[in-house]
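A quick write-up on the structure given underneath.
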Amino acid sequence: MKLQVNGEYRKVSATTVFDLLTELGLHPQGTIVERNREIVEPSAYRDTHLSEGDVLELVRLVGGG
Amino acid sequence: MKIEPREDFSPQETERYSRNALLAQVGWEGQARWRAGRVLVVGAGGIGSAALLYLAATGVGRLGLVDGDAVELSNLQRQILHGSADLGRRKVESAAGSLAALNPLCRVETFDLRLNQANVGEVVQGFEVVLDASDNFITHFLLAECCWRYKIPLVSAAATGWHGQLLVAAPGAENPCYRCLVPEAPPAEAVPASTQIGILGAVAGAMGSLQAVEALKLLLGLDSDLTRRLLAYDGLQGRFQSLARVKRPDCPLCGRESEQ
Chain A
0 MKLQVNGEYR KVSATTVFDL LTELGLHPQG TIVERNREIV EPSAYRDTHL SEGDVLELVR
60 LVGGG
Chain B
0 MKIEPREDFS PQETERYSRN ALLAQVGWEG QARWRAGRVL VVGAGGIGSA ALLYLAATGV
60 GRLGLVDGDA VELSNLQRQI LHGSADLGRR KVESAAGSLA ALNPLCRVET FDLRLNQANV
120 GEVVQGFEVV LDASDNFITH FLLAECCWRY KIPLVSAAAT GWHGQLLVAA PGAENPCYRC
180 LVPEAPPAEA VPASTQIGIL GAVAGAMGSL QAVEALKLLL GLDSDLTRRL LAYDGLQGRF
240 QSLARVKRPD CPLCGRESEQ
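Same order as they appear, the protein sequences are chains A and B.
The numbering of the first sequence is numbering that gives the first Met the number 0, which starts it at 0 and goes up by one.
The numbering of the second sequence is numbering that gives the first Met the number 0, which starts it at 0 and goes up by one.
Next comes the structure, spelled out in structure tokens:
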């Protein structure tokens with residue numbers, strides 16, 4: 000399906016947030032996810048299903064200074 | 000432009016801060032507020048260097064500075080408070096020297112230590128705003144908890160690689176805290192450190208500059224979107240993201256359950 004990820008359209012085979020992060024090589028516990036302008040709680044990544052045209056903002060959690 | 004003399008500021012201060020005072024939201028009242036301001040910065044590294052330099056230059060009257068490390072050669076590609084001549088010196092001493100050279104009107108209080116549960120409360124009390132520019136999640140969580148408990152606004156910044164992020168955790172029943180966004184410390188493999196994947200100094204500096212902006216606004220009582228949003232910067236893509244943060248009812252720090 001086609002999604003907008005960090006401002007770019009891309010085709011993915013993932014159907015959940017968790018699978019999308021895996022497909023993009025992002026660690027689920029190190030990524031903040033906003034789907035259609037709402038932050039998804041990390042505990043809900045596996046149960047959050049994606050729909051065609053979803054707008055996702057993925058932010059890599061950082062801790063360094 | 001002719002600068003009118005001010006009774007409550009010396010001629011040197013009047014000239015030094017004239018561009019601050021010209022800002023419509025600041026004026027000389029705002030400058031006086033900054034001069035009376037007390038800001039604590041935790042970490043004199045890549046982020047803290049930029050934040051501290053700007054806070055001192057702007058004229059914040061009292062700066063607290065926490066760091067328990069010495070200056071190492073690998074620090075110097077990003078930690079612009081320290082120079083080659085400072086190698087081996089305590090970071091708080093090196094930083095205090097640089098800040099005094101930039102603005103001798105600014106009083107700097109140094110804490111040459113690592114924060115822990117036993118000392119954090121004593122260090123943060125007496126400061127009006129705390130800037131988390133530390134490099135680890137133990138300290139991020141410690142400051143998030145302590146500042147929330149003492150109702151001190153916290154400006155939290157972090158950076159690794161090409162990425163940075165920034166948020167304000169302002170006291171208030173309706174505001175989300177740091178742990179509403181990061182409920183539990185992530186495992187090390189999920190959040191690689193700069194010792195593994197590197198860090199671009201200018202990215203850390205960008206986050207420190209933005210952190211200083213937020214601290215200065217907090218002192219003036221100006222509102223900021225960042226009390227309810229997360230600002231993320233991807234230096235590689237050249238892109239900022241602004242995400243709406245929500246207050247989690249089940250937040251381990253500020254949630255309803257934890258208040259009972």
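Positions of the beta carbon are idealized from the N, C-alpha and C atoms, including for glycine.
Asked: Residue from B:C145, B:P186, B:A231, B:T226 whose Cα sits closest to the Cα of K246 of chain B; Found: B:T226
Asked: Cα-Cα separation, F126 of chain B to E183 of chain B; Found: 27 angstroms
Asked: Contacts around R70 of chain A, its chain only, beta-carbon distance under 8 angstroms, and the 5 residues preceding and following it disregarded; Found: Since the first residue shown for chain A is 0 and the last is 64, residue 70 of chain A is missing from the structure and cannot be characterised.
Asked: S12 of chain A in three-state terms, based on DSSP; Found: coil
Asked: Distance between A100 of chain B and G204 of chain B (C-alpha atoms, nearest Å); Found: 19 angstroms
Asked: CB contact below 8 angstroms: R9 of chain A versus chain B; Found: no
Asked: Inter-residue spacing [alpha-carbon to alpha-carbon] between L215 of chain B and P185 of chain B; Found: 30 angstroms
Asked: Exposure of P10 of chain B, with buried meaning 16 or more beta-carbon neighbours within 10 Å; Found: exposed
Asked: Three CB pairs or more closer than 8 angstroms across the stretch 131–151 of chain B and the stretch 85–97 of chain B; Found: no
Asked: Segment contact, 8 angstroms Cβ cut-off, at least three pairs: the stretch 71–86 of chain B with the stretch 235–245 of chain B; Found: no
Asked: Contact between the stretch 150–163 of chain B and the stretch 41–50 of chain B (3+ Cβ pairs under 8 angstroms); Found: yes
Asked: Cβ of R45 of chain A within 8 angstroms of any chain B Cβ; Found: no
Asked: Interface flag, R135 of chain B vs chain A, CB-CB below 8 angstroms; Found: The identity of residue 135 of chain B in the sequence shown is Asn, whereas the question assumes Arg. Yes, its Cβ sits closer than 8 angstroms to a Cβ of chain A.
Asked: Touching by the beta-carbon criterion (3+ pairs, under 8 angstroms), the stretch 5–18 of chain A and the stretch 38–50 of chain A; Found: yes
Asked: Below-8 angstroms beta-carbon distance, Q195 of chain B vs any chain A residue; Found: no
Asked: Unbroken beta strand (DSSP E) run spanning T109 of chain B, endpoints; Found: 106–110
Asked: G42 of chain B Cβ short of 7 angstroms to the ligand MN heavy atom set; Found: Absence of the ligand MN from the depicted structure is noted, as is the absence of any ligand whatsoever, leaving it without description.
Asked: Contacting positions in the stretch 148–159 of chain B - beta carbon closer than 9 angstroms to chain A; Found: A156, A157, A158, T159
Asked: Closest Cα partner of Q210 of chain B within the set B:V40, B:R5, B:N118; Found: B:V40
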